[in-house]
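Read through the structure below, which is laid out as structure tokens, and then see the notes.
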Amino acid sequence: MSMSIDWAPIAAMAAITVLAALGIFGIFALGVHAQTTAEEKARNGQPSGTARLAGYGCFAVAAVLVAYGLLLFVS
Numbered sequence: 762m763s764m765s766i767d768w769a770p771i772a773a774m775a776a777i778t779v780l781a782a783l784g785i786f787g788i789f790a791l792g793v794h795a796q797t798t799a800e801e802k803a804r805n806g807q808p809s810g811t812a813r814l815a816g817y818g819c820f821a822v823a824a825v826l827v828a829y830g831l832l833l834f835v836s
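Quick note on the numbering used here: the sequence shown kicks off at 762 and runs consecutively.
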């Protein structure tokens, strides 16, 4: 009895996983950048509300994506 493995779906899943991880990392990094920009603007006396809000938004999106991935993994 011979067993064969269909490698195409495994490779597709690996590629999707890497792309999703890079996307989540990029969104989180964008949030860190926005928060740093907001901090610099606040130190210089400039309005920083939009940058701070954008940073928190990026963190929220990254957290939701991670939670969704965990939900898919567990269920």
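For glycine and all other residues, C-beta sits at the position ideal for the given N, C-alpha and C. Small disclaimer: the values here were computed from a predicted structure and weren't measured.
Exercise. Is Met-774 helix, strand or coil when you go by DSSP?
Worked result: helix
Exercise. Using the rule of at least 16 other Cβ atoms within 10 Å of the residue's Cβ for burial, across every protein chain shown, is Ser-765 buried or exposed?
Worked result: exposed
Exercise. Can the beta-carbon of Ala-812 be found less than 7 Å from the beta-carbon of Ala-795?
Worked result: yes
Problem set entry | Rounded straight-line distance, which links the Cα of Met-762 to that of Cys-819 | 52 Å
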